[in-house]
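Participant: Shown below is the structure under consideration.
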Amino acid sequence: MLRKEGHRITIFESSSFHAEIGAGIVLTPNGMRVLKTLLPKMRFENLQTVDLRTMDNYDANGTRLGSMDLSEGWKTYPEGWLMMHRVDIHKELMRLALDPGTDVFPPAIIRLGKHIGAIDFHSERPSLTTLGGEEFKFDLILGTDGIKSTVRRCMIGADYEAPPGPMAFYRWMVDLNKNPHVTWIRDERKMSGSLINISAPHKDKRDKEAIERGDWNQEVPMDEFRAAFEDYGEKYLPLVKLAEKPRVWQVRAMPVIPTWIKGNVALLGDAAHAMFPTYGQGFAMGLEDAGTLATLLPSGTKASEISARIEAFQSIRKPRAEHISKLSTEGVRNYEKMTADDWMLPALLDYDFVSTAKAALAEI
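Right, here's the structure in full:
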């Protein structure tokens, strides 16, 4: 989005992208609105999306615990709720950032395998130093490095970290083309897809210190995985047996942090406001952050204007994201019943990032 405004972008990525992993992700109407507004060249067909129109929750024996019908929501929010694979949306966003043919402005530069060691917030132009000792100076540094953010730690210290959460999800994928004996899961919902994303929430009883020492999203031993489902009904056990490399992902949320900005350095996305996935708003909040910042930093923005613009960014985005995170935390108790008050969808989805950012820009 910043590339589209003519800014020269350098991306520092700690991984090498040799083995991308991921599961399903939902894109809600407010997130879709950002993409359609600011990324008109996005190829949504590359995302292989599936419309999300109803959500049902069943217990281990197949008894329905709760249901949410989004059919009326689609009428109000035609952008819709779309399910997709994380890797697909990642690849498409990378294409838009790096492909010379997607914009008249130069593509972003990406530096793989770079780990941030330190950040200098106090110079006229902030700088970052990698663990390899390389130093780079920029007009603006954005920390989009997730819930375990190094940029955040450099900015406000290690006192603000995501505490262990009460929930975890077993996650795996099932290819229905290779396993026709379980196509009932597709046929009962009148879907046409061939790849099913399975995410099984449960109370996390693992040792918290052991989790801290390891990865929150890790492959789980097959015997442990199958034991977790031993009391499930016969209808579901074949799906469990088809899991090849199941993973367990502990869900966490960030506490409110004192600031998202320091000098010309700002935090975005999960680095600033990681939240529980109760209402599928984590991805959308990150997109709203990016869309707001791109609107506040249009083509022609001077380096001397950046400080005031990112202060406006924080004043707009921090209250909004913290409010949605609070709602998501409160929604954990309704997760099984899948209930939501009438005011919930407007609170989540009616947000107009463009007009909000432009109003703030006019006051600077």
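Per the UniProt record's numbering, the sequence shown runs over residues 1 to 364. The beta-carbon is built from N, C-alpha and C at its ideal position, and this holds for glycine as well.
1. Taking Cβ to Cβ, would you say leucine 239 is nearer than 8 angstroms to valine 182?
2. Report all residues from its chain with a CB closer than 6 angstroms to the CB of glycine 286; omit the five preceding and five following residues, and keep chain order.
3. Residues in its own chain within less than 6 angstroms of serine 14 by CB, not counting five upstream and five downstream?
4. For a quick check, are the C-beta atoms of isoleucine 364 and alanine 294 less than 8 angstroms apart?
5. As a quick exercise: from Ser304, Gly101 and Asp289, pick the residue whose alpha carbon is nearest that of phenylalanine 313.
6. Which residue wins for smallest C-alpha separation from glutamate 230, given the options Ile147, Arg8 and Ala60?
7. Go ahead and pull the three-state DSSP assignment for tyrosine 170.
8. Using a 10 Å radius around the Cβ and a threshold of 16 neighbouring Cβ atoms, would you call isoleucine 196 buried or exposed?
9. How many angstroms separate the CA atom of alanine 272 from the CA atom of glycine 282?
10. I need the straight-line Cα distance from histidine 7 to lysine 235, nearest angstrom please.
11. What first and last residue would you give for the alpha helix (DSSP H) that runs through glutamine 314?
12. From this set, Val256, Gly165 and Phe225, which residue's C-alpha is nearest aspartate 159's C-alpha?
13. Could you please give me the residues that DSSP links to tryptophan 249 through a beta bridge?
14. Does the Cβ of residue 373 have 16 or more other Cβ atoms within 10 Å, making it buried, or fewer, making it exposed?
15. Check whether the segment 45–59 touches the segment 75–93, taking contact to mean three or more Cβ pairs, one atom from each stretch, closer than 8 angstroms.
16. So if DSSP puts threonine 129 in a beta bridge, which residue, or which two residues, is it bridged to?
17. Going by CA-CA distance only, name the one from Glu224, Pro163 and Lys302 that's closest to alanine 253.
18. Residues bridged to valine 265 by DSSP?
19. I'd like the list of long-range same chain contacts for alanine 200, defined as Cβ closer than 7 angstroms, with 5 residues on each side in sequence excluded.
20. In three-state terms, what does DSSP make of serine 199?
21. Is it buried or exposed, tryptophan 343, if we count other Cβ atoms within 10 angstroms and call 16 or more buried?
22. For the 8 angstroms Cβ check, are there 3 or more pairs between the segment 259–268 and the segment 138–150?
23. Helix, strand or coil, according to DSSP, for threonine 10 in the structure here?
24. Nearest to leucine 112 by CA position, among Ile25, Phe12, Asn217 and Pro78, is which residue?
25. Quickly, what does DSSP pair glycine 66 with across the bridge? List them, please.
26. What are the start and end residues of the beta strand (DSSP E) that includes isoleucine 109?
27. May I ask you to report which of helix, strand or coil DSSP gives isoleucine 185?
28. What would DSSP say about leucine 82, mapped onto helix, strand or coil?
29. Helix, strand or coil: how does DSSP classify aspartate 51 here?
30. When DSSP labels each residue in this structure, what does valine 256 get in the three-state scheme?
Facilitator: Walking through what the data contain:
1. Leucine 239 is a Cβ neighbour of valine 182, given a cutoff of 8 angstroms.
2. Here the set comprises Gly269.
3. These residues qualify, in order along the chain: His115.
4. No, they are not a contact pair.
5. Asp289
6. It is Ala60.
7. strand
8. Burial call: buried.
9. Answer to the nearest angstrom: the Cα atoms are 11 angstroms apart.
10. 54 angstroms
11. 306–330
12. Val256
13. Phe169 and Asn217
14. Because residue 373 is not part of the residues shown, which for the chain are 1 to 364, the question remains open.
15. Touching, yes.
16. Ala118 and Glu135
17. Pro163
18. DSSP, once it has assigned bridges, lists Ile141 and Lys262 as partnering valine 265.
19. Phe169 and Tyr170
20. strand
21. exposed
22. Flag = yes, the segment 259–268 and the segment 138–150 touch.
23. strand
24. Ranking the options by Cα distance to leucine 112, first place goes to Phe12.
25. Asn57
26. 109–112
27. helix
28. strand
29. strand
30. Here valine 256 sits in coil by DSSP.
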